[in-house]
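Below is one structure; the comments refer to it alone.
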Amino acid sequence: MFNFFLKLLSYRVLFLTGDTLVWDRWVWLKNTIKKFDNSINFVDVGCGAGQFTLGINKLNFNCHGVDVDNEKLDKAKKRARVLNIDENKFKNNLDELINANAKYDCLITLECIEHIMDDKRFVEQCTKIIRKDGYIILTTPNKFFTPITKDDLIISETEDGGHVRLGYDQQMLSSLFKEDFYDIQFHYCSGYVSQKITYLYRKIFKINKYIAIFSILPLRLFQILLDDVITKLLKYNMYSICLVARKK
Numbered sequence: 028m029f030n031f032f033l034k035l036l037s038y039r040v041l042f043l044t045g046d047t048l049v050w051d052r053w054v055w056l057k058n059t060i061k062k063f064d065n066s067i068n069f070v071d072v073g074c075g076a077g078q079f080t081l082g083i084n085k086l087n088f089n090c091h092g093v094d095v096d097n098e099k100l101d102k103a104k105k106r107a108r109v110l111n112i113d114e115n116k117f118k119n120n121l122d123e124l125i126n127a128n129a130k131y132d133c134l135i136t137l138e139c140i141e142h143i144m145d146d147k148r149f150v151e152q153c154t155k156i157i158r159k160d161g162y163i164i165l166t167t168p169n170k171f172f173t174p175i176t177k178d179d180l181i182i183s184e185t186e187d188g189g190h191v192r193l194g195y196d197q198q199m200l201s202s203l204f205k206e207d208f209y210d211i212q213f214h215y216c217s218g219y220v221s222q223k224i225t226y227l228y229r230k231i232f233k234i235n236k237y238i239a240i241f242s243i244l245p246l247r248l249f250q251i252l253l254d255d256v257i258t259k260l261l262k263y264n265m266y267s268i269c270l271v272a273r274k275k
């Protein structure tokens, strides 16, 4: 059934079947990279099941995906086959790219760094595969966000798939990137309306994922039309902090 809709609606179904925070990140990312020439090549580090990697490829860019979770990579490869994208674009080892001296014009890593204990080493590893003057595009939870559910407050003591820190602020990210990057810019995404719809999605998902997906579909219009306005009126903290920077 999912593959039918994936063929029918293409990559868009990957963002319409997740929570609204995923949609927000996609909209922000798409707006960020639309200024890039199509000759630019991307790598998506921490790509998971491949939503963003596949979406970028469908925008006529060349994008590879990397993730250590082989189960998620298998799902990404199956989706790639349905979308007529080369499944070999997905790799499970960042070190393999580093050792092969691979270089990319733009590295994206979305909601990944908060899962990694040694975030400084992670940034160093990512830096090695970005060309000089190339871009890094990152999102991670905003340190000052309001928890959507109590699960947002759970901090793991090991890299078990959960968050190892609550989030980041501009100062924390600047300290990680200022040595090797310049023109560091910050943005935010996912405001009040989006977070409340995601709360509803998560609650219903525990009962049935299909009911969750279809129940929030009509609410996505409110997300698109009202999220920015209401967030500003309420002075509500955005869920994700976003960074764009260029390698020195």
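According to our numbering, the sequence shown is numbered sequentially starting from 28. Ideal Cβ positions, reconstructed from N, Cα and C, are used throughout, including at glycine. Nothing here was measured: the structure is a model prediction, and the numbers come from that model.
**Asked** Ordered along the chain, which non-local residues of its own chain (more than five positions away) have a Cβ less than 6 angstroms from that of residue 47?
**Response** Working through the sequence shown from its first residue, we reach residue 47 at position 20. Counting only Cβ-Cβ distances below 6 angstroms, and skipping sequence neighbours, we find 221, 224, 225, 250.
**Prompt:** Whole beta strand (DSSP E) runs in the segment 171–248 with 3 or more residues, listed along the chain?
**Reply:** 208–216
**Asked** By the 10 Å Cβ neighbour count, where 16 or more other Cβ atoms means buried, how is residue 84 classified, buried or exposed?
**Response** As a working note, residue 84 is residue 57 in the sequence shown. Result: buried.
**Item:** Residues of its chain near residue 34, where Cβ-Cβ distance is below 7 angstroms and the 5 sequence neighbours each way are ignored
**Value:** Position 7 of the sequence shown, counted from the start, is the residue given in the question as residue 34. Closer than 7 angstroms at the Cβ level, and outside the excluded window around residue 34, lie 109.
**Message:** According to DSSP, residue 118 sits in a beta bridge with which residue or residues?
**Reply:** On the sequence shown, position 91 is the one that residue 118 refers to. Bridge partners of residue 118: 93.
**Asked** Taking all protein chains shown into account, do 16 or more other C-beta atoms lie within 10 angstroms of the C-beta of residue 171, making it buried, or fewer, making it exposed?
**Response** For the purposes of this step, residue 171 is taken as residue 144 along the sequence shown, with counting starting at 1. Flag for residue 171 reads exposed.
**Asked** Comparing alpha-carbon positions, which option in 131, 169, 101, 107 lies nearest residue 119?
**Response** Position 92 of the sequence shown, counting from 1, holds the residue named residue 119. The shortest C-alpha separation from residue 119 is found at 101.
**Item:** Every unbroken alpha helix (DSSP H) within the segment 39–74, with a cutoff of 4 residues, ordered by chain
**Value:** 39–43, 47–60
**Request:** On the DSSP bridge assignment, give the partners of residue 139 in chain order.
**Result:** Counting from 1 along the sequence shown, the entry for residue 139 is found at position 112. According to DSSP, which records beta bridges pairwise, residue 139 is partnered with nothing at all.
**Message:** What does the alpha-carbon distance come out to for the pair residue 37 and residue 29?
**Reply:** Sequence index remark: in the sequence shown, residue 37 carries index 10 (1-based). Sequence index remark: in the sequence shown, residue 29 carries index 2 (1-based). Rounded to whole angstroms, residue 37 to residue 29 spans 11 angstroms at the Cα level.
**Request:** Take the Cβ of residue 148 as the centre, count every other Cβ of all protein chains shown within 10 Å, and call the residue buried at 16 or more, exposed below.
**Result:** On the sequence shown, residue 148 is found 121 positions in, with the first residue counted as 1. Exposed: under 16 other Cβ atoms inside 10 Å.
**Prompt:** Is residue 92 near residue 64, with beta carbons less than 8 angstroms apart?
**Reply:** Sequence index remark: in the sequence shown, residue 92 carries index 65 (1-based). Sequence index remark: in the sequence shown, residue 64 carries index 37 (1-based). It is not a contact, given that the beta carbons lie outside the stated cut-off.
**Prompt:** For residue 86, which three-state DSSP category applies?
**Reply:** The residue labelled residue 86 in the question sits at position 59 within the sequence shown. Reduced to three states, the DSSP call for residue 86 is coil.
**Message:** If the criterion is Cβ atoms closer than 8 angstroms, does the pair residue 82 and residue 41 meet it?
**Reply:** One-based indexing of the sequence shown puts residue 82 at position 55. One-based indexing of the sequence shown puts residue 41 at position 14. The answer is yes: Cβ separation under 8 angstroms.
**Item:** Rounded C-alpha distance that separates residue 276 from residue 230
**Value:** Lying outside 28 to 275, the shown extent of the chain, residue 276 is not represented and no answer is given.
**Request:** Determine the DSSP secondary structure at residue 264, reduced to helix, strand or coil.
**Result:** As a position in the sequence shown, residue 264 is number 237, starting the count at 1. DSSP places residue 264 in coil when its eight states are reduced to three.
**Prompt:** DSSP state of residue 130, grouped into three classes?
**Reply:** Along the sequence shown, one-based indexing puts residue 130 at 103. Note: residue 130 maps to coil in three-state DSSP.
**Message:** According to DSSP, residue 165 sits in a beta bridge with which residue or residues?
**Reply:** Working through the sequence shown from its first residue, we reach residue 165 at position 138. BP columns for residue 165 point to 136, 270.
**Prompt:** Can you tell which of 256, 173, 80, 62 has its C-alpha closest to the C-alpha of residue 106?
**Reply:** Taking the first residue of the sequence shown as 1, we reach residue 106 at position 79. It is 80 whose Cα lies nearest to the Cα of residue 106.
**Message:** So, under 8 angstroms CB-CB, residue 204 and residue 150 are touching, yes? Tell me the CB distance rounded to an integer number of Å.
**Reply:** The residue given as residue 204 occupies position 177 in the sequence shown. The residue given as residue 150 occupies position 123 in the sequence shown. With 8 angstroms as the limit, residue 204 and residue 150 qualify as a contact, their Cβ atoms being about 7 angstroms apart.
**Asked** So which of 140, 61, 54 has the shortest CA-CA distance to residue 191?
**Response** Position 164 of the sequence shown, counting from 1, holds the residue named residue 191. Nearest C-alpha to residue 191: 140.
**Request:** Write down the C-beta distance between residue 54 and residue 162 rounded to the nearest angstrom, noting that I regard them as a contact closer than 8 angstroms.
**Result:** Within the sequence shown, residue 54 is the residue found at index 27, counting from 1. Within the sequence shown, residue 162 is the residue found at index 135, counting from 1. Not quite, the Cβ-Cβ distance comes to about 18 angstroms (not below 8 angstroms), so this is no contact.
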